[in-house]
Every structure is written in C-alpha cells, then in structure tokens.
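Colleague:
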Amino acid sequence: MDDLLAPVRQFLHCETPDEWVEMARDPAQLSTLLIDHANCENKAALTAHSLVRRYCLPKGKRHLLPQLEFYRELDAIPEKAEILGKRTMGEASLTVFAELERNPLLFPMVRLIQEELHHFEQVLELMQSRGIAYGPVSASRYARSLLTHVRTYEPAAVVDKMIIGAFIEARSCERFAKIAPHLDEELGRFYVSLLRSEARHYQDYLALAEQYAGEDISERVAFFGAIEAELICSPDPQFRFHSGLPVRSDSC
Ligand SMILES: [Fe+2]
Ligand SMILES: [Fe+2]
171 MDDLLAPVRQ FLHCETPDEW VEMARDPAQL STLLIDHANC ENKAALTAHS LVRRYCLPKG
231 KRHLLPQLEF YRELDAIPEK AEILGKRTMG EASLTVFAEL ERNPLLFPMV RLIQEELHHF
291 EQVLELMQSR GIAYGPVSAS RYARSLLTHV RTYEPAAVVD KMIIGAFIEA RSCERFAKIA
351 PHLDEELGRF YVSLLRSEAR HYQDYLALAE QYAGEDISER VAFFGAIEAE LICSPDPQFR
411 FHSGLPVRSD SC
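In terms of our numbering, the sequence shown opens at residue 171 and continues consecutively.
1) Measuring only from the beta carbon, is ALA214 closer than 6 angstroms to any heavy atom that is part of ligand 2?
2) Alpha carbon to alpha carbon, what distance is there between GLN373 and ALA383?
3) Mind checking GLU324: buried by the 16 CB within 10 Å criterion, or exposed?
4) Quickly, what does DSSP pair LEU415 with across the bridge? List them, please.
5) Among VAL178, LEU203, ALA326, ILE338, whose alpha-carbon lies nearest the alpha-carbon of LEU401?
6) Alpha helix (DSSP H) containing LYS348: first to last residue?
7) Tell me which residue opens and which closes the alpha helix (DSSP H) that GLU356 is part of.
8) Within the present structure, is the beta-carbon of HIS219 separated from the nearest heavy atom of ligand 1 by less than 6 angstroms?
9) Report the rounded CA-to-CA distance for ASP406 versus ARG272, giving the unit in angstroms.
10) Please decide whether ALA399 counts as near chain D, where near means a Cβ-Cβ distance under 7 angstroms.
11) Can you give me the Cβ contacts of GLN408 inside the same chain, cut-off strictly under 8 angstroms, excluding the 5 residues immediately before and after it?
12) Can you give me the start and stop residues for the alpha helix (DSSP H) that THR217 sits inside?
13) Run through DSSP, which three-state label would MET171 get?
14) Considering only residues of the same chain and omitting the five flanking positions on each side of THR258, which have a CB-CB separation below 7 angstroms?
15) Helix, strand or coil for GLY301? Go by DSSP, reduced to three states.
The structure is reproduced here in structure tokens:
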C-alpha cells in the first residue's frame, strides 16, 4: 500500500488534516460521507464521459456517442477488441468508434468511466445495506473552486481540466487510505479496495494532460497543487468528502 501511495502523497502539496479525519469518522457524519462519496463517483464518470464527448469527436458526430448506460454493459477492461468487436453496433456507432480509436483519450477514459460507475454502484449498495437513503447532499466547494481557474482557450482548457482531474483522483486516493483504518471493517475494506484504481486514474489524467499539452506542464501542475492544498487546509464550514478544515478546528 505504501508503494501505491508514495507518488500520490508526493504529488499532493499537503496531507489531509487530522481534524478532517476526526470529523469523517464521526458516526453522525456517515450518511453525509457516503452520499457525497456516491455523488463524487457518479460525477467522476460524468466528467470523463463529457471529456470523451467533447474532445474525442468532431462536433457533428457528438450526438452519436453512446449514453452513459453503454459503459455499464462493456465487459471488463475495454481493450480495443472489446469495444470495437464484441458489441453489436449500428453502422453509425462503428464509425464513431473508429474515430475514437485514433484518440489517445479514449481507452483510459472509458476504463475510468466504467470503474467510477462500478464504484458508484458499490457505494449505493453499501448505503442500502445500512438503510441510508440516497438523499440530496449539496456539492462541496472543492471541484467548483478548482474549475474556476480553467483557462478559456484550447488546448489549455482541456489540459487544465485533466490536471484538476488528477488532483481530485489523487486526493480521493489519499483520503480513502487515511480514513480506512478509522471506519468499521466493511467500509474500511471497501475504501482500501478503491485505492488502486484511484491511484491509476490520477496517473492517467496526468499523462493525458501532458500528451494534450505537448509541452512541459509542471508549472501548471504546481499552480493547481497550491490551490488544491489551500482548499484542503483552509477552514470549510461544510463537511464533505473533499472538504477543507472543519470549522470547529483552528489549525491545519
Ligand atoms: Fe472512483
Ligand atoms: Fe477515480
């Protein structure tokens, strides 16, 4: 586990504060934590889906992209053969997938979409078994604040979105590891089981950002790293999976 986490911790500019862990392990916060976690998994899938849609296809063909449901039906890890061969597709979809095949964004993103949808379903099952209803929980400031810094022209915009994706995935991974020992056995085991894929997702996003930029992105990564750390370590009145320092504490 340490091997898996070392690059994640190195990538992030700060560790999750103990005060957040204290809050997250409080049984009174469990339903908020799980509902928000479910929302995050769903949003991760939707974000990747919209990146594929926006950046893999010419405008006139975007409407042909399969709906999110499609990814649930794909078998295992989407090797090329599985995407292009195993499915029964109409001619239009085959044309789209022939185009997608040429785009380096596709395979890591499709795998990511599948995995996030699977995580989403796993969280829902856990909630169901604990009698926690999937009610409305507003989103935290975290992703929204990061996204306000996305540049408005291409390819800078997609590069920034992918760097942000890398930070969200890395922070999720770090938090799963941090909180797992403090939860009950079933939840702790579940959170540890998510580490490997989240660590890969952060690396996939980072590699894609580099690929799309076609130049060194370390300055931009450092820029978002500092903003991300500020969001994690500054007081945040709202407790969520990616929230900052709980306001009842005063240090980070
Ligand atoms: Fe996930
Ligand atoms: Fe992920």
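C-beta: ideal position from N, C-alpha, C; glycine also.
Modeller: With the structure as the only source:
1) Result yes, Cβ under 6 angstroms from ligand 2.
2) Computed Cα separation, rounded: 15 angstroms.
3) By the neighbour-count rule (16 or more Cβ atoms within 10 Å), GLU324 is not buried but exposed.
4) When DSSP reads this structure, LEU415 sits in a beta bridge with PRO405.
5) Ranked by how close their Cα comes to the Cα of LEU401, the residues VAL178, LEU203, ALA326, ILE338 have ILE338 in first place.
6) Where LYS348 is concerned, the enclosing alpha helix (DSSP H) stretches over 326-349.
7) Counting along the chain, the alpha helix (DSSP H) containing GLU356 begins and ends at 355-383.
8) Because no heavy atom of ligand 1 lies under 6 angstroms away, the Cβ of HIS219 does not count as near it: no.
9) Distance between the alpha carbons of ASP406 and ARG272: 43 angstroms.
10) In the displayed structure, chain D is absent; only one protein chain is listed.
11) Result list for GLN408: SER308, SER310, ARG311, in chain order.
12) The continuous alpha helix (DSSP H) containing THR217 extends over residues 200-226.
13) Assigned with DSSP and collapsed to three states, MET171 falls in coil, not helix or strand.
14) For THR258, the pLDDT reaches just 49, beneath the cut-off of 50, and the residue's location in the model is therefore unreliable, leaving the point undetermined.
15) In this structure, GLY301 counts as coil in the three-state DSSP scheme.
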